[in-house]
Amino acid sequence: MPPRASWTGHLRCSLVSLPVRLYNATSSSSKLSFNQLHAKTHRRLKQQMVEPELGPVDRTDIVKGYEYEKEKYVIIDDADLEKVRLETTRIIELVQFIGAEELDPLYLDNPYYMAPDGPVAEDAFRIIREAMRSKNRVAIGRVVMSGREHIVALRVQDRGFVLTTLRYAAEVRGAAGYFEDIKNGEVNKAQLQLAEQLIDSMTSPFDPPQFNDRYQDALMEIIKAKIEGAEPVVAQEVEVGKVINLMDALKQSIAAAPKKPPAKSIKKEEKKVSKRKLA
């Protein structure tokens, strides 16, 4: 049985509408977090709002304000927020479809798994899913979640969908200003060939579970050591050697690279991925 849905509503595509559920696709529960304590008493600190002249402020005396000029605010209360009603509330409204390769990863934000909300919705859910799969399309839409309207991308994932909230264009910085000082120039063909050989030697199927958070693991070891009263082991800083000759560095890198998996194993993995997509 799937976990409790984080959002329920309807998916609407033109005149087609069906009830759906969203589930958080990621979790931060495994991340370490710290509390702020008093240095001497080690008791947990509580944050308190303070007005510069009046001192500590009670929560009931706090209001929302938008600064429209320096130190000038317009007050927004709950009644004002209630007036902001959008037609996409509780509805994921699909407005267009794009090629799967068109979506720039820079715009991707938070992912959710989408499933039909009940057996009655499954037929329409499957039809839309398989039509998008056969056309290799991603749907773009709008939805209101957590009091804010989001643009979203919907793509096929196994038997369901992954819905990802997207950043607005105003939130994404253009790359031109960061790359304008990089000069164009001729590429040495021999060096390019070695670099391509290095990439080939390091190419293998992506296996996310093989990557773990080494920083968090090391931090947990320090925490365990301090709980047990032992001296934490301090990691040694890795020295980065100076690259004197690019050609030599590429050759040494190729020699030190792990052997590339046999072509059969890569093809088998690709077949497994394809089967999972079609399941």
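Numbering (this note's numbering), first residue to last: 780 to 1058. For every residue, glycine included, the Cβ atom is placed at its ideal position computed from N, Cα and C.
| Item | Value |
| --- | --- |
| Thinking C-alpha only, which one of T943, L933 and D979 is nearest F904? | L933 |
| So which of Q1031, K914, P898 and V941 has the shortest CA-CA distance to D736? | Examination of residue 736 is not possible in this model, given that the chain is present from 780 through 1058 alone. |
| Excluding the 5 residues preceding and the 5 following S1044 in the sequence, name in chain order all residues of the same chain whose CB lies nearer than 6 angstroms to its CB. | Caution is warranted here: a pLDDT of 48 is assigned to S1044, below 50, making its placement in the model unreliable, and the coordinate value is therefore given only provisionally. Excluding residues within five positions, none has a Cβ falling inside 6 angstroms. |
| Name the two residues that bound the continuous beta strand (DSSP E) containing A1034. | Note, A1034: premise wrong, no beta strand (DSSP E); alpha helix (DSSP H) at L1025 to A1035. |
| Going along the chain, which unbroken runs of the beta strand (DSSP E) with 3 or more residues stay wholly within the stretch 796-879? | 843-848, 851-855 and 870-878 |
| Go through its chain and collect everything with a Cβ distance to A894's Cβ below 6 angstroms, but skip five positions before and after it. | R800 and G939 |
| With which residues is F990 paired in a DSSP beta bridge? | Looking at the DSSP assignment, F990 forms no beta bridge with any residue, so it has no partner. |
| Return the residue from the list A1035, S806, F876 and V853 that minimises the CA-CA distance to S913. | F876 |
| Have a look at A969, D937 and P798 and flag the residue whose alpha-carbon is nearest the alpha-carbon of R869. | P798 |
| Use the C-beta contact count for V923: other C-beta atoms within 10 angstroms, 16 or more gives buried, fewer gives exposed. | buried |
| Quick check: the Cα distance between Q936 and M911, rounded to an integer number of angstroms? | 11 angstroms |
| In whole angstroms, what is the alpha-carbon distance linking L977 and Y852? | 58 angstroms |
| Taking DSSP as the reference, what is the three-state secondary structure of Y891? | strand |
| Roughly how many angstroms lie between the CA atoms of P984 and T839, to the nearest whole one? | 56 angstroms |
| Excluding sequence positions up to five away, which residues of its chain have a Cβ less than 7 angstroms from the Cβ of L1057? | Confidence in L1057 is poor, its pLDDT being 46 and thus under 50, which makes the residue's placement too unreliable to answer from. |
| Going by DSSP, which residues form a beta bridge with L945? | L887 and I930 |
| Quick check on the DSSP output: the beta strand (DSSP E) that includes R905 runs from which residue to which? | Unbroken run through R905 is the alpha helix (DSSP H), E901 to K914; no beta strand (DSSP E). |
| Take S807 as the anchor and find which of L971, D992 and P1037 has the nearest alpha-carbon. | D992 |
| For a quick check, are the C-beta atoms of G920 and V874 less than 7 angstroms apart? | yes |
| Which word fits L1029, buried or exposed, when buried means at least 16 other C-beta atoms lie within 10 angstroms of its C-beta? | buried |
| Let me confirm a value: D859 is counted as buried when at least 16 other C-beta atoms fall within 10 Å, else exposed. Which label applies? | exposed |
| For H754, tell me which candidate among V899, Q972, F958 and I871 has the shortest Cα-Cα distance. | One cannot answer for residue 754 here, as it falls past the ends of the chain, which runs 780 to 1058. |
| Leaving out the 5 sequence neighbours to the left and right, which residues in its chain are closer than 6 angstroms to S796 when beta-carbon positions are compared? | H789 |
| Report the rounded CA-to-CA distance for I999 versus E1007, giving the unit in angstroms. | In the sequence as presented, Ile is not what sits at residue 999; that position holds Met. Taking the straight line joining both Cα atoms gives about 12 angstroms. |
| Look up L882 in the DSSP assignment and give the residues it is bridged to. | For L882, which the question treats as bridged, DSSP gives no partner whatsoever. |
| From what residue to what residue does the alpha helix (DSSP H) around L794 run? | That residue, L794, is in no alpha helix (DSSP H); it is neither H nor E in DSSP. |
| Within 10 angstroms of its Cβ, does I907 collect 16 or more other Cβ (buried), or is it exposed? | buried |
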